[in-house]
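Going line by line, the protein sequences match chains A and B.
Residue numbering for the first sequence is 119 to 508, as defined by our numbering.
Residue numbering for the second sequence is 346 to 789, as defined by our numbering.
Built from N, CA and C at the ideal position, the CB exists for glycine as well.
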Amino acid sequence: MPEAVGITNLPNQRYKIILREGSTFTLMVAGESGLGKTTFINTLFQTTLKQHADVNERHTRLASTSPTMDIDIVRSILEEKNFKINLNIVDTPGFGNSVNNHDSWVPIVDFIDEQHESYMKQEQQPYRNTKKDLRVHACLYFIRPTGHSLKPLDIEVMRRLSMRVNLIPVIAKADTLSPKELDAFKSRIRDVIEAQEINIFTPTLELDDAASAEHAKQLIESMPFAVVGSEEEHEVSPGQYVKGRKYPWGIVEVENEKHCDFKKLRSLLLRTNMLDLILSTQELHYETFRAWKLGGDEEGNEGANEENGEISKKPSYRKTRRLHNPKFKEEEDALKKFFTEQVKAEEQRFRQWETNIVNERNRLNQDLEEMQSKLKTLEEQVKKLQVSKR
Amino acid sequence: MASAEIDSISQSEKHSVSPTYESVKQNNRDLVSDIKVIKRKLNGYVGFANLPKQWHRKSVRRGFNLNIMVAGESGLGKKTLINTLFDKELLGPDADAEPEEQPDEHTVRTKVHTADVDEDGVKLQLTVITTPGFGDSLNNTDSWKPIVDEINRRFDSHLEAESKITRATITDNRIHALLYFIEPTGHSLRALDIATMKQVHEKVNLIPIIAKSDTLTEEEIMDFKRRILDDIEYQGIKTFKPQEYENEDEDFISNTKSIMSRMPFATVGSLKEVRTPDGRIVRGRAYPWGVIEVDNEEHCDFIMLRQLLIRNFMEELKEHTANVLYENYRTKKLLNMGIEQDNSVFKEFDPLARQEEEKALHEAKLSKMEAEMKAVFQQKVSEKEKKLQRSEADLFARHKEMKDKLTKQIKLLEEKKQQLEKQKSLPQDPPAPAPTKSRKGFLR
Numbered sequence: 119m120p121e122a123v124g125i126t127n128l129p130n131q132r133y134k135i136i137l138r139e140g141s142t143f144t145l146m147v148a149g150e151s152g153l154g155k156t157t158f159i160n161t162l163f164q165t166t167l168k169q170h171a172d173v174n175e176r177h178t179r180l181a182s183t184s185p186t187m188d189i190d191i192v193r194s195i196l197e198e199k200n201f202k203i204n205l206n207i208v209d210t211p212g213f214g215n216s217v218n219n220h221d222s223w224v225p226i227v228d229f230i231d232e233q234h235e236s237y238m239k240q241e242q243q244p245y246r247n248t249k250k251d252l253r254v255h256a257c258l259y260f261i262r263p264t265g266h267s268l269k270p271l272d273i274e275v276m277r278r279l280s281m282r283v284n285l286i287p288v289i290a291k292a293d294t295l296s297p298k299e300l301d302a303f304k305s306r307i308r309d310v311i312e313a314q315e316i317n318i319f320t321p322t323l324e325l326d327d328a329a330s331a332e333h334a335k336q337l338i339e340s341m342p343f344a345v346v347g348s349e350e351e352h353e354v355s356p357g358q359y360v361k362g363r364k365y366p367w368g369i370v371e372v373e374n375e376k377h378c379d380f381k382k383l384r385s386l387l388l389r390t391n392m393l394d395l396i397l398s399t400q401e402l403h404y405e406t407f408r409a410w411k412l413g414g415d416e417e418g419n420e421g422a423n424e425e426n427g428e429i430s431k432k433p434s435y436r437k438t439r440r441l442h443n444p445k446f447k448e449e450e451d452a453l454k455k456f457f458t459e460q461v462k463a464e465e466q467r468f469r470q471w472e473t474n475i476v477n478e479r480n481r482l483n484q485d486l487e488e489m490q491s492k493l494k495t496l497e498e499q500v501k502k503l504q505v506s507k508r
Numbered sequence: 346m347a348s349a350e351i352d353s354i355s356q357s358e359k360h361s362v363s364p365t366y367e368s369v370k371q372n373n374r375d376l377v378s379d380i381k382v383i384k385r386k387l388n389g390y391v392g393f394a395n396l397p398k399q400w401h402r403k404s405v406r407r408g409f410n411l412n413i414m415v416a417g418e419s420g421l422g423k424k425t426l427i428n429t430l431f432d433k434e435l436l437g438p439d440a441d442a443e444p445e446e447q448p449d450e451h452t453v454r455t456k457v458h459t460a461d462v463d464e465d466g467v468k469l470q471l472t473v474i475t476t477p478g479f480g481d482s483l484n485n486t487d488s489w490k491p492i493v494d495e496i497n498r499r500f501d502s503h504l505e506a507e508s509k510i511t512r513a514t515i516t517d518n519r520i521h522a523l524l525y526f527i528e529p530t531g532h533s534l535r536a537l538d539i540a541t542m543k544q545v546h547e548k549v550n551l552i553p554i555i556a557k558s559d560t561l562t563e564e565e566i567m568d569f570k571r572r573i574l575d576d577i578e579y580q581g582i583k584t585f586k587p588q589e590y591e592n593e594d595e596d597f598i599s600n601t602k603s604i605m606s607r608m609p610f611a612t613v614g615s616l617k618e619v620r621t622p623d624g625r626i627v628r629g630r631a632y633p634w635g636v637i638e639v640d641n642e643e644h645c646d647f648i649m650l651r652q653l654l655i656r657n658f659m660e661e662l663k664e665h666t667a668n669v670l671y672e673n674y675r676t677k678k679l680l681n682m683g684i685e686q687d688n689s690v691f692k693e694f695d696p697l698a699r700q701e702e703e704k705a706l707h708e709a710k711l712s713k714m715e716a717e718m719k720a721v722f723q724q725k726v727s728e729k730e731k732k733l734q735r736s737e738a739d740l741f742a743r744h745k746e747m748k749d750k751l752t753k754q755i756k757l758l759e760e761k762k763q764q765l766e767k768q769k770s771l772p773q774d775p776p777a778p779a780p781t782k783s784r785k786g787f788l789r
C-alpha cells in the first residue's frame with residue numbers, strides 16, 4: 119500500500135505555522151465607566167491585565183472642566199498551551215461621563231479609523247515586514263443594566279461603531295436583573311438593534327456542520343450577552359471554588375450558564391470565533407476603510423446625510439484629522455476674539471479720524487467762505503469806486 | 346490565581362529594517378519609544394489557544410492551492426513525475442503538444458494546467474506550469490528567459506491585485522516551487538542548468554531533481570549528487586531548505602534531516618502498477634533485471650520529494666514565497682519605481698505621543714490662523730489708513746489751491762482798490778492804460 123499523497127496533512131501544516139507564529143488580537147471595551155469593563159477583561163483572561171483606575175484619579179477626571187477622553191492601551195503577550203498572542207486591550211475610560219455627551223463617540227471612532235489608516239500606510243511601504251497592527255478585532259459595548267432600553271447615546275455610538283468594527287453588545291452587571299427582566303431587556307435591545315439597522319457581529323452558521331451550527335445558533339440567540347465579572351473566588355461546596363460575586367442571598371457564578379452568558383461570550387471571543395473576528399476585521403472592515411480611503415471623495419463628508427434626517431448605512435469617514443482636545447477649540451476661539459477686538463479698536467480709531475477730517479473740512483470751508491465774502495466785499499468796493507470815478 | 350506572572354518588562358520596540366536600507370534605518374531611531382508590554386504565561390484555560398485549531402478548520406473550509414512550475418528538457422519524465430506525485434493522471438501524455446502544427450521549435454513557452462485534487466475532504470487546487478521547449482534547441486542561451494518572465498509576471502500581477510482599491514479576493518497565482526529536472530548524465534550540472542538556476546533562485550523555491558534516476562547505479566547517483574551539490578554551492582545557488590524552528594518534535598526534525606540529505610532528489614516516476622518478484626503490486630517500472638519501485642526509499646528519493654513538496658512543507662513553500670521571495674521582489678520593484686520608504690508610519694500608537702502630536706498640529710494651525718488673520722488685518726488697516734490719509738491730503742491740497750486762488754484775487758482787488766482810491770485823490774492824473782487793460786483782462 120503506497121503512502122497517501124499527503125494533502126490531508128495540509129491543515130496540520132497550517133496549524134503548526136499558526137502555533138509557531140502566534141497571533142495578534144486587539145479587543146476594545148467601550149461604555150460608561152462603572153460598568154465593570156476592567157473587571158470583565160481581567161476575568162476573561164484570568165489575570166490582572168488592567169489595573170482599576172485610581173479612585174482619586176477618577177475624581178480629578180470628573181472634576182476637571184474639560185475632560186479629555188484618553189484612549190488607554192494595555193499591551194501584553196500571553197501564552198497558553200505554548201501558544202502566544204499579542205493581546206491589546208483598548209479602553210475608553212471617560213466615555214459617557216460628561217454631562218454633555220454629544221460627540222463623545224468621536225475619539226473611539228477616530229481611533230478605529232486611525233488604526234486602519236496606519237496599517238494601510240505601513241502596508242504601502244516598499245519594506246513592510248515590521249508592521250504595527252492595532253486594528254480592533256472586536257469591540258465590546260457595555261450597556262447599563264437599566265432594564266428599560268437602549269439610551270439614545272448607546273444607539274448613536276453603536277450605530278457608528280458597527281459600521282467599522284465587529285461590534286458585540288454586552289449587558290454589564292447582569293446580576294442586577296432577574297431572569298425575567300433580563301429576557302425582556304434583551305429582547306427590547308434586540309428590537310432596537312434591528313430597527314436601527316445596527317450590524318452586530320454574529321457567527322456564521324455553517325449548516326454542513328450540525329454541532330458547530332447549533333453552537334453558533336445558541337450564541338446568536340443569547341445576544342446581547344449578559345455578563346458578570348469577578349476576579350474573586352468563593353467556595354460553593356467544600357473544596358470547590360468558583361469565580362463569582364458573593365451576596366448575602368447567594369453566589370453569582372461567572373462561569374455558570376444559568377447565572378450569566380460569560381461562557382458564551384468567551385466562546386465567541388476566543389474559543390470558537392476568534393479567527394472569524396480576525397478575518398472579518400481584515401477582509402471586511404479594513405478593506406472597506408481602505409477602499410474608501412483610496413477611492414477618493416465619492417462618499418465621506420460626515421454629517422451631510424444625517425443633517426437631512428437620513429441615516430446613512432455606509433460608514434462616513436473623515437478626510438482630515440480631527441483634534442480631540444476641547445482646549446484647542448477654546449484657544450482658537452480666543453484668538454478669533456482677540457482679532458475681533460483689535461478690528462473693533464481700529465474701526466473706532468478710523469471713525470474718529472473720519473470725524474476729524476469732516477470737522478477739518480468744515481473749518482477749512484468756513485475759512486474759504488470768509489475769504490470769499492472778503493473778496494466779494496472788495497469787488498463791490500472796487501465797483502463802487504469805478505462807478506464814482508466815471 | 347490562575348495565572349503565573351513571569352515578568353513584566355518594559356520592552357523597547359525596535360524597528361528592524363532591511364540592512365540594504367541603512368540610511369532609512371538611521372532616521373528610524375527617533376521613533377523608538379519605550380512601550381510597556383505585560384508578559385504572562387497562563388495556567389488556566391482561557392481559550393485563545395484554540396486559534397490554531399480554528400485555523401485548521403478554516404483552512405479545510407477554504408481549501409488549499411499550489412502553483413508549481415516544472416522545467417527541464419523534454420523526455421525527462423516531468424509530466425509522469427507530477428502525475429506520480431499526486432497519484433493521478435493530471436497531465437496527459439500530449440498535454441504540451443500543440444494541435445498538429447509544430448510551432449517554432451526554438452521558442453520556449455509556458456503552459457498552464459490546473460486540476461482539483463481531493464484527499465479525504467481536503468481540497469487542493471493545483472496549477473502546474475510547464476515549459477515546453479526548454480533546453481531543446483541547439484542554442485539555449487536565454488532559454489531560461491520565459492521561466493523568469495513567467496515568475497515575474499505572476500509577481501507583478503499579484504502586486505497589481507494587492508494595490509487595487511477593491512481586492513476582496515486575491516487568488517494566489519505566484520509560483521510556489523520550481524522543480525528543476527537535471528538530466529541523469531552522471532557528470533555534473535550543465536551551463537544551462539547553472540544559468541537557469543542562478544536566474545530564478547532568488548525568486549522561487551528551487552527544488553532540483555535528478556530525472557530518470559534508474560539509468561544510474563547507486564554509486565553513480567551518489568557521485569552525481571555530490572558534484573551537483575558542489576556546483577550549487579560554488580555558484581551560490583539557493584535551493585529550498587525548510588527553516589528550523591524551536592519546539593519542533595524530534596521525529597519531525599530527524600525526518601526533515603533525512604529528506605534534505607537526499608537533495609537533489611533522484612526520482613523515478615510511474616503510475617503503472619507492476620508485480621514484484623516477491624508478488625507485491627507496486628507503482629514502478631519492470632525491467633528484465635528487476636522492478637524499480639517508485640514508493641521505495643531504497644530505490645529512489647520519490648517519497649522524500651513528495652514529503653517535502655506536499656505532506657510536510659507545502660505550506661512552508663507558500664509562506665516563504667509570500668513572505669520572503671515576493672516581498673523582496675516587491676521591495677526592489679517599488680524602490681526602482683521611485684517610491685520612497687517612509688519609516689515614520691511604523692510606529693506604535695502612544696496616547697501621550699499622540700497628544701503631543703495633536704498639540705503640535707493645533708499650534709501649527711493656530712499660528713497659521715494668527716498669521717493669516719494678522720496679514721488680513723494689517724492689510725485692511727493700512728488700506729484704510731492710506732485712504733484716509735489721501736482724503737486728508739486731498740482736502741488740504743484743495744483748500745490750499747482755493748485759498749491761494751482767493752488770496753491772489755483778494756490781493757489784486759486790494760491793489761486795484763488802492764489804485765482807484767489814489768486816482769480819486771489825484772483826479773488830474775490820467776490812468777495808466779496798458780497795465781489796467783491787461784489786469785482787467787485777467788480778471789475778466
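Counting C-beta atoms within 10 angstroms of its own C-beta, Met682(B) has fewer than 16 neighbours from the protein chains shown and is therefore classed as exposed. A Cβ-Cβ separation of about 7 Å places Leu758(B) in contact with Leu493(A) under the 8 Å criterion. For Ile207(A), the enclosing beta strand (DSSP E) stretches over residues Phe201 to Asp209.
The count of Cβ pairs closer than 8 Å, one atom from the segment 385-394 of chain B and one from the segment 605-624 of chain B, stays below three, leaving the stretches out of contact.
In the three-state reduction of the DSSP assignment, His352(A) falls in the strand class, which pools E and B. The bridge partners DSSP lists for Ser194(A) are Leu205(A) and Ile383(B).
With a minimum length of 4 residues, the unbroken runs of alpha helix (DSSP H) contained wholly in the segment 453-516 of chain B fall at 490-508.
Note that the segment 340-353 of chain A touches the segment 154-167 of chain A; at least 3 beta-carbon pairs, one per stretch, sit closer than 8 Å. Secondary structure note for Tyr671(B): its alpha helix (DSSP H) is the uninterrupted segment Tyr671 to Asn681. Sequence-ordered contacts of the segment 709-743 of chain B with chain A read Leu711, Met714, Glu715, Met718, Phe722, Val726, Lys729, Leu733, Ser736, Glu737 and Leu740 [C-beta pairs closer than 7 Å]. Taking the beta carbon of Ile203(A) as reference, the chain B residues within 8 Å of it are Phe393 and Leu396, listed in sequence order. Chain order gives no chain A residues near Gly581(B), where near means a beta carbon separation below 9 Å; the closest approach is about 23 Å. Per DSSP, the unbroken beta strand (DSSP E) holding Ala416(B) starts and ends at Phe409 to Ala416. Residue pairing by DSSP places Arg363(A) opposite Val370(A) in a beta bridge. Interface annotation, Thr511(B): in contact with chain A, CB-CB separation under 8 Å.
Residues of chain A whose Cβ lies closer than 8 Å to the Cβ of Tyr590(B) are, in chain order, Arg138. Rounded to whole angstroms, the gap between the alpha carbons of Phe585(B) and Val636(B) is 31 Å.
Non-local beta-carbon contacts of Glu760(B) in its own chain, meaning distances under 7 Å to residues more than five positions away in sequence, are absent. The Cβ neighbour count for Pro270(A), taken over all protein chains shown within 10 Å, is under 16; the residue is labelled exposed. For Arg246(A), the three-state secondary structure derived from DSSP is coil.
Here Leu325(A) is exposed: its Cβ has fewer than 16 other Cβ atoms, across all protein chains shown, within 10 Å. When secondary structure is reduced to three states using DSSP, Gln164(A) falls in the coil class, being assigned neither helix nor strand.
By the criterion of at least three beta-carbon pairs nearer than 8 Å, the segment 376-385 of chain A is in contact with the segment 329-344 of chain A. Check the Cα spacing between Lys548(B) and each of Ile496(B), Ser558(B), His707(B) and Met659(B): the tightest is with Ile496(B).
It is roughly 53 Å from the alpha-carbon of Tyr674(B) to the alpha-carbon of Asp623(B). Excluding sequence positions up to five before and after Ser603(B), its CB lies within less than 8 Å of the CB of Met649, all in the same chain and listed in chain order. Ser398(A) and Asn391(A) have their alpha carbons spaced roughly 11 Å apart. The alpha helix (DSSP H) runs lying completely inside the segment 475-503 of chain A and spanning 4 residues or more number zero. Ile289(A) and Ala334(A) have their C-alpha atoms some 19 Å from each other.
A direct Cα-to-Cα measurement between Tyr590(B) and Lys134(A) gives close to 11 Å. For Glu478(A), the C-beta contacts it makes with chain B under 7 Å involve Leu740, in order along the chain. Nothing from the segment 542-566 of chain B brings a Cβ to less than 9 Å from some Cβ of chain A.
Scanning chain A for C-beta atoms nearer than 8 Å to the C-beta of His503(B) yields nothing, as the closest lies near 14 Å away. For Asn127(A), the C-beta contacts it makes with chain B under 7 Å involve Arg656, in order along the chain. Taking 8 Å as the upper bound for CB-CB distance, Pro321(A) and Leu337(A) are in contact here, some 6 Å apart. Apart from the 5 residues on each side of it in sequence, Leu252(A) sits with its Cβ closer than 7 Å to the Cβ of Thr144, Asn206 and Gln233 in its chain, given in chain order.
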